[in-house]
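Here is the structure we will look at, set down as structure tokens.
2 protein chains.
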Amino acid sequence: MLTDRQLIILQVIIDDFIDSAKPIGSRALSKKDNLPYSAATIRNEMADLEELGFLEKTHTSSGRVPSEKGYRYYVDHLIGPERNHHGLGIIESLTNNGIFEFEQIVQTAAEALSQLTNYTSIILGPEMFEATVKQIQVLALSNQSAVAILVTNTGHVEHRSFTLPKGISSSDLEKLVNILNDRLHGVPLFKLPEVIQNEVTSLMVKYMNGLDSSLNWIRALFTHEHAVKLYFGGKANILMQPEFNDVDRIRSFYSLMEREDEIVDLLKNTNQGIKVSIGHENEVDEIKDLSLITASYHIGGGQLGTIALIGPTRMEYKKVLSLMQSISKEMTGAMDKWYRDKS
Amino acid sequence: MLTDRQLIILQVIIDDFIDSAKPIGSRALSKKDNLPYSAATIRNEMADLEELGFLEKTHTSSGRVPSEKGYRYYVDHLIGPERNHHGLGIIESLTNNGIFEFEQIVQTAAEALSQLTNYTSIILGPEMFEATVKQIQVLALSNQSAVAILVTNTGHVEHRSFTLPKGISSSDLEKLVNILNDRLHGVPLFKLPEVIQNEVTSLMVKYMNGLDSSLNWIRALFTHEHAVKLYFGGKANILMQPEFNDVDRIRSFYSLMEREDEIVDLLKNTNQGIKVSIGHENEVDEIKDLSLITASYHIGGGQLGTIALIGPTRMEYKKVLSLMQSISKEMTGAMDKWYRDKS
DNA sequence: ATTTAGCACTCAAAACAAGAGAGTGCTAAC
DNA sequence: GTTAGCACTCTCTTGTTTTGAGTGCTAAAT
Numbered sequence: 232m233l234t235d236r237q238l239i240i241l242q243v244i245i246d247d248f249i250d251s252a253k254p255i256g257s258r259a260l261s262k263k264d265n266l267p268y269s270a271a272t273i274r275n276e277m278a279d280l281e282e283l284g285f286l287e288k289t290h291t292s293s294g295r296v297p298s299e300k301g302y303r304y305y306v307d308h309l310i311g312p313e314r315n316h317h318g319l320g321i322i323e324s325l326t327n328n329g330i331f332e333f334e335q336i337v338q339t340a341a342e343a344l345s346q347l348t349n350y351t352s353i354i355l356g357p358e359m360f361e362a363t364v365k366q367i368q369v370l371a372l373s374n375q376s377a378v379a380i381l382v383t384n385t386g387h388v389e390h391r392s393f394t395l396p397k398g399i400s401s402s403d404l405e406k407l408v409n410i411l412n413d414r415l416h417g418v419p420l421f422k423l424p425e426v427i428q429n430e431v432t433s434l435m436v437k438y439m440n441g442l443d444s445s446l447n448w449i450r451a452l453f454t455h456e457h458a459v460k461l462y463f464g465g466k467a468n469i470l471m472q473p474e475f476n477d478v479d480r481i482r483s484f485y486s487l488m489e490r491e492d493e494i495v496d497l498l499k500n501t502n503q504g505i506k507v508s509i510g511h512e513n514e515v516d517e518i519k520d521l522s523l524i525t526a527s528y529h530i531g532g533g534q535l536g537t538i539a540l541i542g543p544t545r546m547e548y549k550k551v552l553s554l555m556q557s558i559s560k561e562m563t564g565a566m567d568k569w570y571r572d573k574s
Numbered sequence: 232m233l234t235d236r237q238l239i240i241l242q243v244i245i246d247d248f249i250d251s252a253k254p255i256g257s258r259a260l261s262k263k264d265n266l267p268y269s270a271a272t273i274r275n276e277m278a279d280l281e282e283l284g285f286l287e288k289t290h291t292s293s294g295r296v297p298s299e300k301g302y303r304y305y306v307d308h309l310i311g312p313e314r315n316h317h318g319l320g321i322i323e324s325l326t327n328n329g330i331f332e333f334e335q336i337v338q339t340a341a342e343a344l345s346q347l348t349n350y351t352s353i354i355l356g357p358e359m360f361e362a363t364v365k366q367i368q369v370l371a372l373s374n375q376s377a378v379a380i381l382v383t384n385t386g387h388v389e390h391r392s393f394t395l396p397k398g399i400s401s402s403d404l405e406k407l408v409n410i411l412n413d414r415l416h417g418v419p420l421f422k423l424p425e426v427i428q429n430e431v432t433s434l435m436v437k438y439m440n441g442l443d444s445s446l447n448w449i450r451a452l453f454t455h456e457h458a459v460k461l462y463f464g465g466k467a468n469i470l471m472q473p474e475f476n477d478v479d480r481i482r483s484f485y486s487l488m489e490r491e492d493e494i495v496d497l498l499k500n501t502n503q504g505i506k507v508s509i510g511h512e513n514e515v516d517e518i519k520d521l522s523l524i525t526a527s528y529h530i531g532g533g534q535l536g537t538i539a540l541i542g543p544t545r546m547e548y549k550k551v552l553s554l555m556q557s558i559s560k561e562m563t564g565a566m567d568k569w570y571r572d573k574s
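In order, the protein sequences belong to chains A and B. Okay, so the first sequence: first residue is 232 according to this note's numbering, each after it adds one. Okay, so the second sequence: first residue is 232 according to this note's numbering, each after it adds one.
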């Protein structure tokens, strides 16, 4: 329903605004190469585009600025074929020495993403629900203390130090660990608390006397929220954006960034693929004037994490989208390669 | 050299400014209870105090504001006996279930510190230099991959996933781990790279053939910077301070917060006890208009970490100092209790 | 039937002006 | 030594004017 000329004008306006952050007027537009029309003509078109809701004015006699609907249209229809970012190889370079360090990979990716865009990136670590117990070990550090270590089939390690119950013997401890390994091997993490409750407790009461209290730490070790973790990149970078020249906006942004559970919610709810939420399309008040791009990365085909980027609605969508695509692909690749052969 | 009256006036001015953040004039001061003098008298005293360098004016006819020298004097001489913050019990409540989770303790302490003050707190994790190797384990996850786990005598666990060298047999792997445990048990972390280089390498070449390349990951696992870690609390809280009403100041602050190595340097160089650095007493440019309080906490008597608090020079020194003292004592207590019996 | 030139009009932002208010320094009286 | 009084200074607020970019509309040109 938009004429070709309107399309071009819309595109040029948005492109210009994305990089200048200033409203643009008809006169300036008419000077652009791809718009061989007079200011007056463009004015008319702009008035139409405004009527259709793609543009806005900041005041009655100002230049035009893209509306959220404008950005939406831009993202959906005006972004060309993403020029291939041909894999930055950031992640690859981290794994090709044979070492696979999850935290490092994710953190590096988050930082790179922010560095390249000057927005703030957030990566949601994978949920470990489906990982299963590979081995449990308890290592005494002294007469009173020990550390318990749990390794999953995916190579994740959890550990917890604790004080030993009084009077426990090393043979008791060994027995205990044996029971645990016997019963818990292969159990997925999310079922752990349940299995411990139902199967292990009774066994332990049977074979070991007077150690009820010691069960606490076992439960604590394994009930531990296998919480998804957030990795931030360049929380400060976004401050370079002129949109953040206002102290209150900064405050509200950073206060949101500290409420990690809200952020997790924000990112979790993502289906596969890339999703762009512009301004008020976002649920959370604090980012109703920002845009949020999320992309998922998959591991092992099922579990997934999310890569996100937050910036002003005036975002370099073209660049960002192809970049996110690349990184998400790279992450998925690295994860796949690593997790593929783990049963 | 200061008269009693000047002392009181100085104190009142600083106290007032600390909580109002506004310059205070002679008239307002003369109305305070503990200053039964006329505005004119106080004006004279203030002029003297300014001449001595304890006060400043923001412009020729403004009220007075404490200078850095003023704050220094305040901190050194005018702060009364710290009312005992009688241990907030924050940390105790985390450990009395028998579980000792280092990260959790430190993170909680950092957050509490910031919460209670509305400044930003940073805690420098302990250096693990003196911890010694307790056990090394390598667990195969599949034919191609494994995870290596290192436990120290203090209960710290490091781990690293990696791809197995092609053609390594499980008996080779076992042999390898035996060698490692045999040679590395009891070796302090900071000596690890050296010992591996000198003792282990030759042994391995001797007993295992063709596995030179596999040494890479061993070295990588243990050479891993046992970097001290930073724990931040309330990076956003400091934004509530009126001093941070300026966007550029915020930018420079946050950009510093991201340069973690600089921060580590800043905190590392601390002798025992509490240290207050006011404004230009700080080395780093970005905080030359802020104050930094550092306190150390000790573990095992030797190694130590640092607790720090950053706020405007107009800081509630009285409250902060006693608070830092409490927390540092609590941390030291918890650590001591935990690490005492580990050889 | 488009496109364009011309012109009156609008509004934000910058520049300027006037007052008010808080505070000082100094002098002279207490 | 202390205080009252007063002239003076400087910021901050408020209101006014000017400027300039940009619009909408009408009428002419294509």
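Even glycine gets a Cβ: it sits at the ideal position worked out from N, Cα and C.
Below-8 Å beta-carbon distance, residue i vs any chain B residue
i        : result
A:Ser324 : no
A:Asn412 : no
A:Gln338 : no
A:Ile380 : yes
A:Arg545 : no
A:Asn349 : no
A:Lys550 : no
Test: residue i CB closer than 8 Å to a CB of chain A
i        : result
B:Arg356 : According to the sequence as given, residue 356 of chain B is Gly; it is not Arg. Chain A, which has no Cβ nearer than 8 Å to the Cβ of B:Gly356, makes this no.
B:Asn476 : yes
B:Ile353 : no
B:Gln472 : no
B:Arg258 : no
B:Asp520 : no
B:Lys460 : no
B:Arg482 : yes
B:Phe453 : no
B:Ala252 : no
B:Glu334 : no
Extent of the continuous alpha helix (DSSP H) run through residue i
i        : result
A:Ile244 : 235 to 251
A:Ser376 : That residue, A:Ser376, is in no alpha helix (DSSP H); its beta strand (DSSP E) goes 376 to 383.
A:Phe484 : 478 to 489
A:Phe333 : 333 to 348
B:Thr272 : 270 to 282
A:Ser401 : 401 to 415
A:Glu425 : 423 to 426
Start and end residues, beta strand (DSSP E) containing residue i
i        : result
B:Gly564 : No beta strand (DSSP E) holds B:Gly564; the alpha helix (DSSP H) holding it covers 548 to 570.
B:Pro297 : 295 to 297
B:Ser324 : That residue, B:Ser324, is in no beta strand (DSSP E); its alpha helix (DSSP H) goes 323 to 326.
B:Leu461 : 461 to 464
B:Leu372 : No beta strand (DSSP E) contains B:Leu372, which DSSP labels as neither H nor E.
B:Ile353 : 351 to 355
B:Thr501 : Unbroken run through B:Thr501: none, as it is neither H nor E.
DSSP beta-bridge partners of residue i
i        : result
A:Gln366 : A:Val382
A:Glu287 : A:Val296
B:Gly510 : In DSSP, B:Gly510 forms no bridge with anything.
B:Thr454 : None; B:Thr454 has no bridge partner.
A:Pro254 : DSSP, once it has assigned bridges, lists no residue as partnering A:Pro254.
B:Pro543 : B:Leu521
B:Phe360 : BP columns for B:Phe360 are empty, so no partner.
A:Val436 : DSSP lists no partner for A:Val436.
Near-chain B residues of the region 386 to 408 of chain A (beta-carbon distance less than 7 Å), N- to C-terminal order: Listed by position along the chain: Gly386, Val388, His390, Arg391, Ser392, Phe393, Thr394.
Chain-ordered residues of the region 485 to 502 of chain A with a beta carbon less than 8 Å from chain B: Of all residues in the region 485 to 502 of chain A, Tyr485, Ser486, Met488, Glu489 have a Cβ within less than 8 Å of some Cβ in chain B.
For the 8 Å Cβ check, are there 3 or more pairs between the region 367 to 383 of chain B and the region 384 to 396 of chain A? Yes, the region 367 to 383 of chain B is in contact with the region 384 to 396 of chain A.
Please determine if the region 366 to 376 of chain B and the region 400 to 407 of chain B are in contact, where contact requires at least 3 C-beta pairs separated by less than 8 Å. Yes: at least three Cβ pairs fall under 8 Å.
Which residues, taken in chain order from the region 361 to 373 of chain A, show a beta carbon closer than 9 Å to some beta carbon of chain B? Contact annotation: in the region 361 to 373 of chain A, residues whose CB is within less than 9 Å of a CB in chain B are Lys365, Gln366, Gln368, Leu370, Leu372, Ser373.
Chain-ordered residues of the region 281 to 307 of chain A with a beta carbon less than 9 Å from chain B: Listed in sequence order: no entries.
If the cut-off is 8 Å on Cβ atoms, which residues from the region 258 to 280 of chain B count as contacting chain A, listed in chain order? Sequence-ordered contacts of the region 258 to 280 of chain B with chain A are nonexistent [C-beta pairs closer than 8 Å].
Could you tell me whether the region 350 to 363 of chain A touches the region 241 to 258 of chain B, using the rule of 3 or more Cβ pairs below 8 Å? Below 8 Å, too few C-beta pairs join the region 350 to 363 of chain A and the region 241 to 258 of chain B to call them touching: fewer than three.
Can you find at least 3 beta carbon pairs, one from the region 468 to 487 of chain B and one from the region 472 to 486 of chain A, that sit closer than 8 Å? Touching, per the Cβ criterion.
Closer than 8 Å is the cut-off here; do at least three beta carbon pairs connect the region 296 to 312 of chain A with the region 495 to 505 of chain A? No: the two stretches stay apart, fewer than three of their Cβ pairs being nearer than 8 Å.
Are the region 550 to 568 of chain A and the region 259 to 276 of chain B touching, with three or more C-beta to C-beta distances below 8 Å? No, the region 550 to 568 of chain A is not in contact with the region 259 to 276 of chain B.
Would the region 318 to 338 of chain A and the region 283 to 297 of chain A be scored as touching if the rule is three or more Cβ pairs under 8 Å? Contact fails: fewer than three Cβ-Cβ distances are below 8 Å.
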